[in-house]
Amino acid sequence: MAVKNANLVAACGLYCGACGSYLKGKCKGCKENVKAAWCKIRACCIDSNYKSCADCNKTPLQECKKFNNMIGKIVGFILNSDRAACINRIKEAGYDQYVKEMAESERQSIRKR
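Quick note on our numbering: the sequence shown kicks off at -18 and runs consecutively.
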């Protein structure tokens, strides 16, 4: 069963509260996972004091080189994840509503169409 917690929204918009690794205690989630230091999206959000890319208005998401890096694209492909749709949903609905939707549907991402 997914957990409802806005602190479990990853920098890229994935929802850690519905991730199997998090739920099994194998991962602390994006924000608490020091092993995720390689993630440029996470590093940028930490440096900018953002919860996620949804809080950024410096660069349009489709033009952001950190968000659209190769590793992010690979993760998106593997998870069949539309991370941009996740970020856009957070911007539209807010973190609490997004978390509610993801937890209730037990999804860690909005699927690519």
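Ideal Cβ placement from N, Cα and C applies to all residues, glycine included.
Asked                                                                                              : Found
N-terminal and C-terminal residue of the alpha helix (DSSP H) that Glu85 is part of                : Tyr76 to Ser86
Ala(-17) beta carbon less than 7 Å from that of Ala66                                              : no
Beta-carbon separation (whole angstroms), Ile68 vs Cys34, contact threshold 8 Å                    : 5 Å
Tyr(-4) versus Asn(-12) - alpha carbon distance                                                    : 9 Å
Cβ-Cβ separation, Lys(-15) to Lys81 (assumed contact under 8 Å), whole Å                           : 6 Å
Proximal residues to Cys(-7) (C-beta, below 6 Å), its chain only, five neighbours per side dropped : Ile22 and Arg64
For Ala(-1) and Met7, the rounded distance between their alpha carbons                             : Note that residue 7 is Lys in the sequence shown, not Met. Cα to Cα, the separation comes out at about 13 Å.
From Lys32, Phe48 and Leu42, residue whose alpha carbon lies closest to that of Gly75              : Lys32
Span of the alpha helix (DSSP H) around Tyr(-4)                                                    : Premise fails: Tyr(-4) is in no alpha helix (DSSP H) and is neither H nor E.
For Val56, the three-state DSSP class (helix, strand or coil)                                      : helix
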